[in-house]
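I have placed the structure first, in the form of structure tokens, so that the comments after it can refer back to it.
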Amino acid sequence: MVDFSLWDIFRNLLMAARWTVLLSLVAFVGGGLVAMALLLARLAKLRGAQAGVSAYVQLFQGTPLLMQLFLAYFGLALFGVNVPAWLAAALALTLYTSAFLTEIWRGCVNAVPKGQWEAAASLAMSFGETMRHVIGPQALRIALPPTVGFLVQVIKGTALASVIGFIELTKAGTMITNATFRPFTVYACVALMYFLLCWPISAWSRRLERTLRRGH
57 MVDFSLWDIF RNLLMAARWT VLLSLVAFVG GGLVAMALLL ARLAKLRGAQ AGVSAYVQLF
117 QGTPLLMQLF LAYFGLALFG VNVPAWLAAA LALTLYTSAF LTEIWRGCVN AVPKGQWEAA
177 ASLAMSFGET MRHVIGPQAL RIALPPTVGF LVQVIKGTAL ASVIGFIELT KAGTMITNAT
237 FRPFTVYACV ALMYFLLCWP ISAWSRRLER TLRRGH
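The opening residue of the sequence shown carries number 57 in my numbering; numbering runs sequentially from there.
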């Protein structure tokens, strides 16, 4: 048993929290880029895109994130590809995030009145011009609050990366608990840190929603 003070516990968890934040940002930014590509392919009505994107979204939304992490880490190893825990976690969370953001953003685009599409078509705008100048700005206003709010789910989802050995906040909490035999104290600190990470983002999302609703 290691005799850690409360400050020692908090300091070690704070160091691990950096990896939680980094993994969340990688998954959110990477997932956003993939989601944007999938959404544009779907809206452009490319051959097979509608069915392909729909299948992709249903696959990653319909299976547990935990299973996706296992497959990314252990599944690739079956083919002789040794994937570091951080890379497997980033890959699984990126794909998971992209599936949800694709649907969130598709709903926001569909919320733009169809008359806007018709107006752009009457001006002979191309698909790219329509998205950039007409549909995109309006959909962006609608999409900001739910997109920011979903970041909270990504942060909490990083906790599952501990099962494949990635040392983030939850994994560090488990390691410290095993060393100190103080599970209540350690996990209370872990919960507090997740709250400190997530609550400001949730509050910002609600504020954005109120602000944009008034502007609309």
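Virtual Cβ for every residue (Gly too), placed ideally from N, Cα, C.
Say whether chain B places a C-beta atom closer than 7 Å to the C-beta of residue i.
i: LYS101; result: Of the protein chains in the structure, only one exists, and it is not chain B.
Assign residue i to one of two classes, buried (16 or more other C-beta atoms within 10 Å of its C-beta) or exposed (fewer than that).
i: LYS101; result: exposed
i: PHE284; result: One cannot answer for residue 284 here, as it falls past the ends of the chain, which runs 57 to 272.
i: GLY104; result: exposed
i: LEU225; result: buried
i: MET277; result: Since the displayed the chain opens at 57 and closes at 272, residue 277 lies outside it and no answer follows.
i: LEU99; result: buried
i: LEU70; result: exposed
i: ALA146; result: buried
i: PRO201; result: buried
i: VAL58; result: exposed
i: SER218; result: buried
i: PHE222; result: buried
So what does DSSP say about residue i, is it helix, strand or coil?
i: VAL242; result: helix
i: SER80; result: helix
i: LEU102; result: coil
i: PHE60; result: coil
i: PRO256; result: helix
i: VAL109; result: helix
i: ASN68; result: helix
i: THR267; result: helix
i: GLY86; result: helix
i: GLY14; result: A question about residue 14 goes unanswered here, because the residues of the chain that appear run from 57 up to 272.
If you draw a straight line from the alpha carbon of residue i to that of residue j, how long is it in whole angstroms?
i: SER182; j: ARG188; result: 10 Å
i: LEU95; j: ASN68; result: 40 Å
i: ALA148; j: LEU253; result: 21 Å
i: ALA91; j: ILE220; result: 25 Å
i: ALA215; j: GLY108; result: 30 Å
i: ALA176; j: THR119; result: 39 Å
i: ALA195; j: LYS170; result: 12 Å
i: ALA199; j: LEU79; result: 23 Å
i: VAL139; j: GLN209; result: 24 Å
i: LEU179; j: GLY87; result: 33 Å
i: MET231; j: ARG238; result: 11 Å
i: ILE211; j: TYR250; result: 8 Å
i: GLN117; j: LEU151; result: 10 Å
i: THR76; j: ALA83; result: 11 Å
i: ALA72; j: VAL242; result: 13 Å
i: LYS227; j: TRP142; result: 13 Å
>> List, from N- to C-terminal side, the alpha helix (DSSP H) runs of 4 residues or more that fit wholly inside the segment 150–236.
In response: 170–178, 192–213, 225–236
> Touch check for the segment 250–265 and the segment 199–208: three-plus C-beta pairs under 8 Å?
Replying inline: yes
> Touching or not, the segment 143–159 and the segment 109–117, by the rule of three or more beta carbon pairs under 8 Å?
Replying inline: yes
> Are the segment 129–142 and the segment 163–174 touching, with three or more C-beta to C-beta distances below 8 Å?
Replying inline: no
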